[in-house]
Every structure is written in structure tokens, then in C-alpha cells.
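Residue numbers (the numbering used here): 6 to 267. Just so it is clear, CB atoms sit at the ideal spot from N, CA and C, and this is done for glycine as well. As the structure is a computational prediction, the values presented were derived from the model and not from experiment. Accompanying notes for the structure given below.
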């Protein structure tokens, strides 16, 4: 991560406003221009370009439209480097209390059918064969989201194969199905996403060579009865999944443990 480019991108109030708008979900450049009154479409595109160079915004094409996605990974990296260690636990507790009080004032009274998209990418200091194996043969070594801490998670690395969790005392759950696999480059899955929440999902993970490293990208679509709270859970959960669990396993050898979980 180039920290200087991130600091430069965040220096502009217009670019910070763009990130605030994209926190709610992907938007086209035209939609963002309407929100930033006083700026031309060309100026908005320039600001988006700076954010893209810093890795804070990702571009994805859908037909003739270009969608802009916020990528939280660089911000989290900056936070962990410059803020998290010096920050006191008292300050963190106060911040959580403030957020809780604000959320209490914004309770959602209606839940309807929604369709959301989440895009993330990060560079991992590992060859792509190793990164791809983390999502297939070595899935159980790092995957943190489990119904039971002592269960076993597996991926049948073939088209139509199941992604499932086997409970130690018997029973289990199927959490997805492999719909496309092209080792060591691409893995696409679909499934219930979170049993009992009335959600369906489609997720694509790709591993692109970047010298001796890997540019890992993850696209996820969710549809169904999705409240704003659940959407936030999935967007913020990308940090634990990618930045903590996946990178920790691939770069530092940290494996999942029911005794010590991130």
C-alpha cells in the first residue's frame, strides 16, 4: 500500500465526501455528480481517479455504465498502522457508545427486497496458487465464520461441489455451491449466504499475478430481505474475512483456532 497516495487522496473534502456517499453502496459517476453540487462531472471524475490510484475506490463496468465502489481495505490498513495501537481502550469504548446511540435513533421500521453489491481488492504477499488453495483445499485452516467453533469447514473444489460445515457432534450446514472454478485464477460460488436470514448470494474470488504477490479481488452480490444493519455487517465483515483472517493465514501463518479468534 502506498500510504502517501492514501493521505493525498483523503486531503480533499470533496474526495472524503465521495467516500461517504459510496459507503452506502456503489453509484455511477452521474449519481455522484448530482450529490456534489458545484462540481462538474469532469471534476468528479478527476477526484474519483485520485481515489482509484490510492485503492480507495474501485471501478466496475456493467454494460455502458461504470459503477464506483468504496474499497475499505486501504483505510483499515492506515487505521491499524497509525491509529489502533496508540488509541486507548477508553476512547474506543466511548466511540462505540456514540455509534450505538446514533444507531438507536435510526432504527429501520421496514424491510423489503433489496439487491446490494460489495467489491474489495487487496495485494497479498503470496503466490496466487497459495491464495487460491486457501479457498479450496486449505479452507478449514483459516475460515472464521462458523456456526460452531469446533466444527470443520470444507470446499469440494469442483463444479457443483458443496461448501459446507460439519459439526463435531453430528449434523452440519451447506453454505454454498461452487458454480465456476478455474484454478488457480477464479472461484465463483452461490448459496444461502446466511441460513435463516432470507438471503441469497453470488460471490466471485479472483487471483491475479502481481510479480511475486497476488492481487486478490472479491465481488459479492446479495439479494433478499436485507436490512441496513445486515448490509453493514456484510460490508464491514470484509475486513475480518480478508484483511485479518485471509492475510493473517497467508502472510503470517495464523490458522483458525476456537480458543483464539480474531
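C-alpha gap between residue i and residue j, whole angstroms
i: residue 18; j: residue 194; result: 38 angstroms
i: residue 251; j: residue 244; result: 10 angstroms
i: residue 135; j: residue 255; result: 8 angstroms
i: residue 157; j: residue 180; result: 13 angstroms
i: residue 249; j: residue 40; result: 34 angstroms
i: residue 131; j: residue 35; result: 38 angstroms
i: residue 208; j: residue 224; result: 6 angstroms
i: residue 15; j: residue 21; result: 6 angstroms
i: residue 153; j: residue 172; result: 7 angstroms
i: residue 32; j: residue 188; result: 32 angstroms
i: residue 83; j: residue 175; result: 43 angstroms
i: residue 12; j: residue 139; result: 32 angstroms
i: residue 170; j: residue 261; result: 14 angstroms
i: residue 23; j: residue 162; result: 39 angstroms
i: residue 68; j: residue 155; result: 45 angstroms
i: residue 192; j: residue 167; result: 13 angstroms
i: residue 238; j: residue 246; result: 12 angstroms
i: residue 196; j: residue 182; result: 6 angstroms
i: residue 112; j: residue 42; result: Here residue 112 scores only 40 on pLDDT, less than 50, and its place in the model should not be relied on; the value that follows carries that caveat. Each residue's alpha carbon lies about 29 angstroms from the other.
i: residue 141; j: residue 8; result: 32 angstroms
i: residue 235; j: residue 219; result: 30 angstroms
i: residue 114; j: residue 178; result: Unreliable placement is indicated for residue 114, whose pLDDT of 39 sits below 50; the coordinate value is still reported in the next sentence. Roughly 31 angstroms separates the two Cα atoms.
i: residue 44; j: residue 217; result: 41 angstroms
i: residue 29; j: residue 51; result: 21 angstroms
i: residue 240; j: residue 25; result: 14 angstroms
i: residue 27; j: residue 190; result: 28 angstroms
Run of the alpha helix (DSSP H) containing residue i, from where it starts to where it stops
i: residue 187; result: Counting along the chain, residue 187 falls outside any alpha helix (DSSP H), though it belongs to the beta strand (DSSP E) covering 177 to 187.
i: residue 241; result: 233 to 243
i: residue 15; result: 8 to 15
i: residue 52; result: 46 to 58
i: residue 25; result: 18 to 27
i: residue 251; result: Taken as a continuous stretch (DSSP letters only), residue 251 belongs to no alpha helix (DSSP H), as it is neither H nor E.
Residue j beta carbon less than 8 angstroms from that of residue i
i: residue 2; j: residue 123; result: Not covered by the structure: residue 2. The range shown for the chain is 6 to 267.
i: residue 61; j: residue 79; result: yes
i: residue 57; j: residue 47; result: no
i: residue 73; j: residue 126; result: no
i: residue 128; j: residue 214; result: no
i: residue 268; j: residue 186; result: The displayed coordinates of the chain run from 6 to 267. Any statement about residue 268 would go beyond what the structure contains.
Contacting residues, own chain, Cβ-Cβ under 6 angstroms from residue i (five flanking each side not counted)
i: residue 228; result: 120, 205
i: residue 38; result: 46, 49
i: residue 226; result: 122, 207
i: residue 59; result: 10, 11, 14
i: residue 222; result: 126, 211
i: residue 81; result: 244, 248
i: residue 55; result: 14
First and last residue of the uninterrupted beta strand (DSSP E) at residue i
i: residue 169; result: 167 to 171
i: residue 220; result: 218 to 230
i: residue 157; result: 157 to 160
i: residue 138; result: Element bounds for residue 138: not the beta strand (DSSP E) but the alpha helix (DSSP H), 133 to 139.
i: residue 292; result: As displayed, the chain neither begins before 6 nor continues past 267, which places residue 292 out of reach and without an answer.
i: residue 71; result: 70 to 75
i: residue 194; result: 191 to 196
heavy atom of the ligand COA below 7 angstroms from residue i C-beta
i: residue 20; result: Absence of the ligand COA is noted for the structure shown, with no ligands found whatsoever.
Neighbourhood of residue i by C-beta distance below 8 angstroms, restricted to the same chain and skipping five residues each side
i: residue 145; result: 157, 158, 159, 261
Contacts around residue i, its chain only, beta-carbon distance under 7 angstroms, and the 5 residues preceding and following it disregarded
i: residue 151; result: 158, 170
i: residue 70; result: 33
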